[in-house]
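Engineer: From first to last, the protein sequence lines stand for chains X and L. First residue of the first sequence? That's 119 in the working numbering, and the numbers climb one at a time after it. First residue of the second sequence? That's -6 in the working numbering, and the numbers climb one at a time after it.
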Amino acid sequence: MTRSAFSPTVRRPGRLNRSNQIAATWFLMPILAIFTILLLIPLGQSALWSFTELNLYTGEMTFVGVDNYVTVFTDPALLTGVWFTLGFAILNTVIVTVLAIPLAVVLNNAFFGRDFSRALLFFLGVPSLAILGLVWRYIFSPLDSGVINSVLNSVGLQSLPWLADADLARIAVVFVGIWAAVGWHITLYLAYLQAIPADLYEQATVDGASPRQQFFNVTLPQLIPAITVSTFLLITAGLRVYDLPFTLTGGGPGYATNTITQSIIERGVGQSDFGVGSALAVLFAIATLIVIVGQMRLSNSVARRYS
Amino acid sequence: MTVTETRAILVGPETPDARTGPSAQRRRARRLSIVRSISMLTIAIVAAIPLYYVVISAFKTDGDMRQSPLGLPNPITFDNIGAALAQGDIWMAFGNSTMITVGSIAVQLLVGSMAAYAMIIGSGRLTLLIGIVLAIAFAIPLQATLVPQYRLLAGVGLTDSILGVIVLYSSGAVFCYFLIVGYMRTLPVELIEAPRIDGAGPWRIYWTIILPLCRPILITVIVFQVMSIWNDFLIPKVYLSSPANETIILQVYNAVGQFTTNWPLFMATTVIALIPIFLFFVFAQKWIVGGLMAGSVKG
Chain X
119 MTRSAFSPTV RRPGRLNRSN QIAATWFLMP ILAIFTILLL IPLGQSALWS
169 FTELNLYTGE MTFVGVDNYV TVFTDPALLT GVWFTLGFAI LNTVIVTVLA
219 IPLAVVLNNA FFGRDFSRAL LFFLGVPSLA ILGLVWRYIF SPLDSGVINS
269 VLNSVGLQSL PWLADADLAR IAVVFVGIWA AVGWHITLYL AYLQAIPADL
319 YEQATVDGAS PRQQFFNVTL PQLIPAITVS TFLLITAGLR VYDLPFTLTG
369 GGPGYATNTI TQSIIERGVG QSDFGVGSAL AVLFAIATLI VIVGQMRLSN
419 SVARRYS
Chain L
-6 MTVTETRAIL VGPETPDART GPSAQRRRAR RLSIVRSISM LTIAIVAAIP
44 LYYVVISAFK TDGDMRQSPL GLPNPITFDN IGAALAQGDI WMAFGNSTMI
94 TVGSIAVQLL VGSMAAYAMI IGSGRLTLLI GIVLAIAFAI PLQATLVPQY
144 RLLAGVGLTD SILGVIVLYS SGAVFCYFLI VGYMRTLPVE LIEAPRIDGA
194 GPWRIYWTII LPLCRPILIT VIVFQVMSIW NDFLIPKVYL SSPANETIIL
244 QVYNAVGQFT TNWPLFMATT VIALIPIFLF FVFAQKWIVG GLMAGSVKG
């Protein structure tokens, strides 16, 4: 006991430290094995295969240059998927953020039914998006028996061909995506709102700031870390979107709501078109990287301006 | 609602005004709180209509569901719930989902926390390098490795296999590592140094001292991973094809194809499928909210 009580907490080079290094190496083995087998090698293969074409009968791989990339940018199905994914990611991020911040600010006040509203909104995002997509598929059914159409009919309006029309189907997917995500992000903003020191508001009130000024000069700057996290989660999830459009519309009508992920699965796994699937995967990884770096830079510069 | 009222709902109580007395202020605050109650409850209830719709439809007959989609069941029927439960595979699907979720999270936590511990006891170039490597791994989207991963698992006969899915999910250890290492860094170094000088080996220190102290972050990680793995659709859809291996989410998805004419049965299956995640939500809500904060603050 005396020895440990007197032992310096500063790490000394020596026998103990070396044994620690050896132990550390062993403890890192599992994660390094998983990383190498499941991430690093497949990532390299994706990059390599994106320049090749596989002959399924002979198993031979031939180098085809950028042919697969040309296919991605000329095939209408794939191209529609790329655009829809980008549009979904942007709209979902912007609209959820614009809705979630004011709603969280209101829910941060005391009023009757607050906890109930919070819990209910939050729970909407808890079930699997795949199941929610299927439920909404029936609600949006283009038939007269669809929920929305029967409500429209009951107030004397015409039925709309919801999921059978390209634009309406896109709107439906974006709408359900927002509906499912907003509760989560309200909860995230609430967590940060509760951490804003109350004396900032007291000070602002003493200084005669109007509620509007308080919102823009106290609340919003204090929420910058929350906005950074929330928009990061939204945009990466938006780019990866697959289960919601797939279960709601199946990617249709035609390819109107096709996504990059759905294309990768259909081409790369379903049709064993490894070349095109891999080219999509590489472009997807690059797009994700650009978004992550860009978002980090943007939020850094915003944070600097406000501090 | 006036402009001032809308603004006031958004930004909180009005600033005290010289012209109004304290009682006028109180009245105003009370009116505001009533407006907030009405508007927020309306928003929340309207947003929850689809869930209400699923639940009521599960107890309706097919004709009733078509005729009055949003009305209460008339007559109320338990046939759909009975029929959904009578399908033997729904229990098998629950079992598969449970096996996959529990197995994957056990692997992720063990591997992730071991790596985090290594980063705490190790030092210098090794940990720096590994830290960078794992940060890159964290940024790689699943989609970027999907096709080669599929061929890899197909090559070793692990497609359409629950074990194969657990192997795939093990890459989630990288996410667990990031949450756990942030927490472990806050533990005092003496907790590792003291028992080591007393002769305890690294494995014993990790298993009996450090891991139990990390319980709060482990619970947070478990809560988040349960929701993401239980609810996942992509990997089960790509990898699990035979009915015996279906997860509950996949089962509900496949049910739609089978019951295009029987939507009440689909709604009943959905209700049953949602019960576990609903119970989990009720039980884990405080950890979810706490974890959103803890996870985000540490980056």
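Note that CB positions come from ideal geometry on N, CA and C, so glycine has one too.
1) Any C-beta of chain X sitting closer than 9 angstroms to the C-beta of P9 (chain L)?
2) Within 10 angstroms of the Cβ of P134 (chain L), are there 16 or more other Cβ atoms? Answer buried if so, exposed if not.
3) Determine, using beta carbons only, whether I64 (chain X) and V104 (chain L) come nearer to each other than 9 angstroms.
4) Which of helix, strand or coil does DSSP assign to L122 (chain L)?
5) Would you call the CB atoms of F382 (chain X) and L398 (chain X) closer than 9 angstroms?
6) Under a three-way DSSP split, which group does F181 (chain X) fall into?
7) List the residues of chain L whose Cβ lies closer than 7 angstroms to the Cβ of Q163 (chain X), in chain order.
8) Shorter than 9 angstroms from the beta carbon of S234 (chain L) to some beta carbon of chain X?
9) Is it right to say A166 (chain L) is buried, meaning 16 or more other beta carbons lie within 10 angstroms of its own, or is it exposed?
10) Please compile the residues from chain L whose C-beta is within a distance smaller than 9 angstroms of the C-beta of I378 (chain X).
11) Please classify G62 (chain X) as buried or exposed, where buried requires at least 16 other C-beta atoms within 10 Å of its C-beta.
12) Starting from G395 (chain X), find everything on chain L with Cβ-Cβ shorter than 7 angstroms and list it in chain order.
13) Our contact map puts Q101 (chain L) next to Q244 (chain L) with C-beta atoms below 8 angstroms; I'd like the distance itself, whole angstroms only.
14) Below 8 angstroms CB to CB, which residues in the same chain sit around Q163 (chain X) once its five sequence neighbours on both sides are set aside?
15) For the candidate residues X:V400, X:I353, X:R422, whose alpha-carbon lies nearest to that of F206 (chain X)?
16) Mark L272 (chain L) as exposed unless 16 or more other C-beta atoms lie within 10 angstroms of its C-beta, in which case mark it buried.
17) Jot down the residue ranges of each uninterrupted beta strand (DSSP E) in the region 39 to 86 of chain L, minimum 3 residues, whole runs only, in chain order.
18) Cβ of G372 (chain X) within 9 angstroms of Cβ of T180 (chain X)?
19) Going by DSSP, which residues form a beta bridge with T170 (chain X)?
20) Using the three-state DSSP reduction, which class does Q163 (chain X) fall into: helix, strand or coil?
21) When Cβ atoms are compared, which residues of the region 143 to 173 of chain L fall closer than 8 angstroms to chain X?
22) Does N67 (chain L) come within less than 9 angstroms of chain X when only Cβ atoms are used?
23) Sort L:P209, L:M260, L:A277 by Cα distance to P62 (chain L) and report the nearest one.
24) Using only CA atoms, which one of X:R236, X:R423, X:L286, X:D391 lies nearest to M33 (chain L)?
25) Which whole-angstrom value is the C-beta distance of A287 (chain X) and A195 (chain X), which I expect to be below 8 angstroms?
26) Evaluate D57 (chain L) with the Cβ neighbour count: other Cβ atoms within 10 Å of its Cβ, from every protein chain shown; 16 or more gives buried, anything less gives exposed.
27) Taking only three categories from DSSP, how would you classify V153 (chain L)?
28) In chain order, what are the residue ranges of uninterrupted beta strand (DSSP E) at least 3 long that sit wholly in the region 192 to 276 of chain X?
29) Within the continuous alpha helix (DSSP H) that includes S381 (chain X), where are the two ends?
30) With a threshold of 16 other CB atoms inside 10 Å of the CB of T337 (chain X), please say whether the residue is buried or exposed.
31) Where L250 (chain X) and I219 (chain X) are concerned, what is the direct C-alpha to C-alpha distance, given to the nearest angstrom?
32) Tell me, please, whether the CB atom of I123 (chain L) is closer than 9 angstroms to any CB atom in chain X?
33) For I289 (chain X), tell me which candidate among X:S272, X:T367, X:F402, X:R232 has the shortest Cα-Cα distance.
34) Between which residues of its own chain and Q380 (chain X) is the CB-CB distance below 8 angstroms, once the five residues before and five after are set aside?
35) Taking 8 angstroms as the cut-off, does the region 127 to 142 of chain L touch the region 383 to 395 of chain X (at least 3 CB pairs, one atom from each stretch)?
36) Report the rounded CA-to-CA distance for W280 (chain L) versus L261 (chain X), giving the unit in angstroms.
Structural biologist: Looking at the coordinates:
1) For P9 (chain L), the predicted model reports a pLDDT of 48, less than 50, meaning its position is unreliable; a value from the coordinates is still stated below. P9 (chain L) counts as touching chain X.
2) P134 (chain L) should be labelled buried.
3) Lying before the first or after the last residue shown, residue 64 (chain X) is absent from chain X, which here runs from 119 to 425.
4) For L122 (chain L), the secondary structure class from DSSP, reduced to helix, strand or coil, is helix.
5) In the sequence on display, residue 382 (chain X) carries Ile and not Phe. Yes; because the gap between Cβ atoms is below 9 angstroms, this pair is in contact.
6) Residue state, collapsed to three classes: strand.
7) Result: P141.
8) By this cut-off, S234 (chain L) is not an interface position.
9) Classification of A166 (chain L): buried, given that the 10 Å Cβ count is 16 or more.
10) Listed by position along chain L, the residues whose Cβ is nearer than 9 angstroms to that of I378 (chain X) are Q136.
11) Outside the shown range of chain X, which is 119 to 425, sits residue 62 (chain X), and nothing can be said about it.
12) Near G395 (chain X) (Cβ distances below 7 angstroms), the residues of chain L are V140.
13) Rounded, the Cβ-Cβ distance is 24 angstroms, inconsistent with contact.
14) Cβ neighbours of Q163 (chain X) beyond the five flanking positions: S396.
15) Of X:V400, X:I353, X:R422, the residue nearest in Cα terms is X:I353.
16) Burial is judged here by how many other beta carbons sit within 10 angstroms of a residue's own beta carbon; L272 (chain L) has fewer than 16 and is exposed.
17) You should have found no qualifying run.
18) No, they are not a contact pair.
19) According to DSSP, T170 (chain X) bridges with X:F181.
20) The answer is helix: DSSP assigns Q163 (chain X) an H, G or I state.
21) Residues of the region 143 to 173 of chain L that bring their beta carbon within less than 8 angstroms of a beta carbon in chain X comprise Y143, R144, L145, V160, L161, S163, S164, A166, V167, Y170, in sequence order.
22) It does not: the Cβ of N67 (chain L) has no partner Cβ on chain X nearer than 9 angstroms.
23) It is L:M260.
24) Taking only the C-alpha atoms, the option nearest M33 (chain L) is X:R236.
25) A287 (chain X) to A195 (chain X), Cβ: 15 angstroms. No contact.
26) Buried, by the Cβ-count rule.
27) A quick correction: the sequence has Asp, not Val, at residue 153 (chain L). D153 (chain L): coil per DSSP, three-state reduction.
28) Complete beta strand (DSSP E) runs here, min 3: none at all.
29) Judged by DSSP secondary structure, S381 (chain X) falls within the alpha helix (DSSP H) whose first and last residues are 378 to 382.
30) When all chains shown are included, T337 (chain X) counts as buried.
31) Between the alpha carbons of L250 (chain X) and I219 (chain X) lies a distance of about 24 angstroms.
32) For I123 (chain L), the answer is yes, since a Cβ of chain X falls inside 9 angstroms of its Cβ.
33) Residue X:T367 is the option with its Cα nearest to I289 (chain X).
34) Excluding positions up to five away in sequence, the list reads G199, Y360, P363, F364, G369.
35) At 8 angstroms Cβ cutoff, the stretches touch.
36) When rounded, the distance between both Cα atoms is 42 angstroms.
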